[in-house]
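Engineer:
This is the structure we're talking about:
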């Protein structure tokens, strides 16, 4: 059991800055995120796209913003738990017991949900029978590529994941790459490579095709693909891979007894606490009259929520308002050398 | 104002007046029309405001910007008449536009 003052759910910009604010006021925290790295939507959806509305930063990319936020909280040495999704919350007297998908447990005084629009899950095929084969001969990510050796693999998608895996697997497997149009969103060099491999007969490229159905008993044996004009082809396949990016799902947060408004959590604007004492929500996931889904709003919400956590973490102490320019305590926590 | 008609997957039809300058996505969200999630808030970064545009309107719409087709690759059951409704800005020319909302967004 990991004991700390606050658990932050979500390592996007809002969660990271809230961690900073907790550190400044002398609280400890740990951070859980479902993705394999910090940064949230900034890293997952637009790492290279410039952002122009971070105060005092005329232009920066999602990746730069994330790196700067990580740099800013480095002095506090907060621990990250990546690839973990928070599954269960249980009230234990004045504290909370929290359990993640990977079985990590926390004992905390307060929880800050900075979960964006929920956790990222792979987008799936619309064809219903696909569910039956998921995890045995149909995958949305690859953990062990050795199972594909000398097999026939049908890959669907037109982004970098689809292209990169088509190129890599074509070395040791028979690969079909199926995409809904002639254009690709992946890197141009990869597109060229795939076209070359197709011309050399080392890979079969089917464009303007989408999945129609999958056939097989216990495992997939073939897939039917349908052209824009209606033609249907059946291709033998031992495995099917789908790379359609990620979608955000609210997931277990739905079961925590919080007041929800569509896919968002209702909070007050004094300290961004939810309808449940000790649980706060900040950033894109929270809603209140006038809510703006901007990163800068998330920073403000995180600063206030951090102070809201204080009374749960240190009920016998009073929090004094201080500036980092003059507060000795804050500077010590930041490791400022004078 | 322009009249926009949204056909939802439960075979209901919602015709609403949408202020010019708003997007077809915003028209749906502000009028509580179900099926448009718009997770990213209109930034062309998520494909959860995907709609099918009625054929006769297709060539009256603004051209797709770079990136819209890339996002549509990720949409649930994209078709030739697929668009992201956050990229369709309501104007006099679009008065009467009809779109179908897919059964789900992901």
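Protein chains in written order, with this note's numbering: chain A, 1 to 338; chain B, 1001 to 1106. Just so it is clear, CB atoms sit at the ideal spot from N, CA and C, and this is done for glycine as well. Just so you know, these numbers come straight off a predicted model, no measurement behind them.
Can you grab the Cα-Cα spacing for the pair residue 286 (chain A) / residue 85 (chain A), in whole Å?
Structural biologist: 18 Å
Engineer: So, does the CB of residue 220 (chain A) fall closer than 7 Å to a CB anywhere in chain B?
Structural biologist: no
Engineer: Using CA atoms only, rank isn't needed, just tell me which of B:1011, B:1042 and B:1016 is closest to residue 1025 (chain B).
Structural biologist: B:1042
Engineer: Starting from residue 1078 (chain B), find everything on chain A with Cβ-Cβ shorter than 7 Å and list it in chain order.
Structural biologist: The contacting residues are 180.
Engineer: Cβ closer than 9 Å: which chain A residues qualify as neighbours of residue 1074 (chain B)?
Structural biologist: 123, 157, 159, 185, 244, 245, 246 and 247
Engineer: Please indicate yes or no: does the CB of residue 315 (chain A) lie closer than 6 Å to some heavy atom of the ligand SAM?
Structural biologist: Within the structure as shown, the ligand SAM is missing, as the structure has no ligands at all.
Engineer: Residue 1022 (chain B) by DSSP, collapsed to three states: which one?
Structural biologist: coil
Engineer: Going by beta-carbon coordinates alone, are residue 1003 (chain B) and residue 1095 (chain B) separated by less than 7 Å?
Structural biologist: It is a contact, given that the beta carbons lie within the stated cut-off.
Engineer: According to DSSP, residue 123 (chain A) sits in a beta bridge with which residue or residues?
Structural biologist: In the DSSP output, where bridge partners are listed per residue, residue 123 (chain A) has none listed.
Engineer: Strictly under 7 Å for the Cβ-Cβ distance: is residue 128 (chain A) near chain B by that measure?
Structural biologist: no
Engineer: Assuming residue 1072 (chain B) and residue 1082 (chain B) make a contact with CB atoms under 8 Å, what is their CB distance in whole Å?
Structural biologist: 5 Å
Engineer: Between the region 1040 to 1069 of chain B and chain A, which residues of the former have CB atoms less than 9 Å from a CB of the latter, in chain order?
Structural biologist: 1040, 1041, 1043, 1045, 1046, 1047, 1048, 1067 and 1069
Engineer: Listed in chain order, which residues of the region 204 to 231 of chain A have Cβ atoms closer than 7 Å to some Cβ of chain B?
Structural biologist: 228
Engineer: Using a C-beta cutoff of 7 Å, does residue 1027 (chain B) count as contacting chain A?
Structural biologist: no
Engineer: According to a CB-to-CB cut-off of less than 7 Å, which residues of the region 45 to 61 of chain A neighbour chain B?
Structural biologist: 45 and 46
Engineer: Helix, strand or coil, according to DSSP, for residue 142 (chain A) in the structure here?
Structural biologist: coil
Engineer: Is any beta-carbon of chain B found at less than 7 Å from that of residue 117 (chain A)?
Structural biologist: yes
Engineer: Would residue 282 (chain A) and residue 270 (chain A) be called neighbours here (beta carbons separated by less than 7 Å)?
Structural biologist: no
Engineer: Could you list which residues in chain A have their beta carbon closer than 7 Å to that of residue 1106 (chain B), in chain order?
Structural biologist: The answer, in chain order, is 123 and 247.
Engineer: Ends of the beta strand (DSSP E) at residue 1065 (chain B)?
Structural biologist: Unbroken run through residue 1065 (chain B): none, as it is neither H nor E.
Engineer: For residue 63 (chain A), which residues in the same chain have their Cβ closer than 6 Å to its Cβ, ignoring the five residues on either side in sequence?
Structural biologist: If we look at residue 63 (chain A) and ignore the five residues flanking it on each side, its Cβ neighbours are 47.
Engineer: Would you say residue 293 (chain A) faces chain B, with C-beta separation under 7 Å as the test?
Structural biologist: yes
Engineer: What first and last residue would you give for the beta strand (DSSP E) that runs through residue 210 (chain A)?
Structural biologist: 209 to 216
Engineer: Within the region 136 to 205 of chain A, note down every full beta strand (DSSP E) run reaching 3 residues or more, in order along the chain.
Structural biologist: With a minimum length of 3 residues, the continuous beta strand (DSSP E) runs that stay inside the region 136 to 205 of chain A are 152 to 156 and 174 to 179.
Engineer: What is the rounded straight-line gap between the Cα of residue 299 (chain A) and the Cα of residue 132 (chain A)?
Structural biologist: 43 Å
Engineer: On the DSSP bridge assignment, give the partners of residue 80 (chain A) in chain order.
Structural biologist: A:31
Engineer: Are the CB atoms of residue 170 (chain A) and residue 243 (chain A) within a distance shorter than 7 Å?
Structural biologist: no
Engineer: Please list, in chain order, all residues of the same chain as residue 1028 (chain B) whose beta carbon is under 7 Å from its beta carbon, the five residues on each side excluded.
Structural biologist: Excluding residues within five positions, the ones whose Cβ falls inside 7 Å are 1006, 1036 and 1085.
Engineer: Below 6 Å CB to CB, which residues in the same chain sit around residue 197 (chain A) once its five sequence neighbours on both sides are set aside?
Structural biologist: Hits under 6 Å: 170 and 203.
Engineer: Note the first and the last residue of the continuous alpha helix (DSSP H) segment covering residue 97 (chain A).
Structural biologist: Counting along the chain, residue 97 (chain A) falls outside any alpha helix (DSSP H), though it belongs to the beta strand (DSSP E) covering 95 to 100.
Engineer: Flag this pair as yes or no: are the beta carbons of residue 220 (chain A) and residue 137 (chain A) separated by less than 7 Å?
Structural biologist: yes
Engineer: Please return the same chain residues whose Cβ sits closer than 7 Å to the Cβ of residue 235 (chain A), not counting the five positions on each side in sequence.
Structural biologist: 154, 176, 222, 223 and 225
Engineer: Using CA atoms only, rank isn't needed, just tell me which of A:10, A:240 and A:25 is closest to residue 148 (chain A).
Structural biologist: A:240
Engineer: Note the first and the last residue of the continuous alpha helix (DSSP H) segment covering residue 242 (chain A).
Structural biologist: Unbroken run through residue 242 (chain A) is the beta strand (DSSP E), 239 to 242; no alpha helix (DSSP H).
Engineer: Is there contact here, the region 87 to 97 of chain A with the region 176 to 192 of chain A, by at least three beta-carbon pairs under 8 Å?
Structural biologist: By the C-beta criterion, the region 87 to 97 of chain A is judged not to be in contact with the region 176 to 192 of chain A, since fewer than 3 inter-stretch pairs fall below 8 Å.
Engineer: Taking only runs that begin and end inside the region 2 to 30 of chain A, name each unbroken beta strand (DSSP E) of 3 or more residues, in chain order.
Structural biologist: Entirely contained in the region 2 to 30 of chain A, the beta strand (DSSP E) runs reaching 3 residues are, in chain order, 2 to 9.
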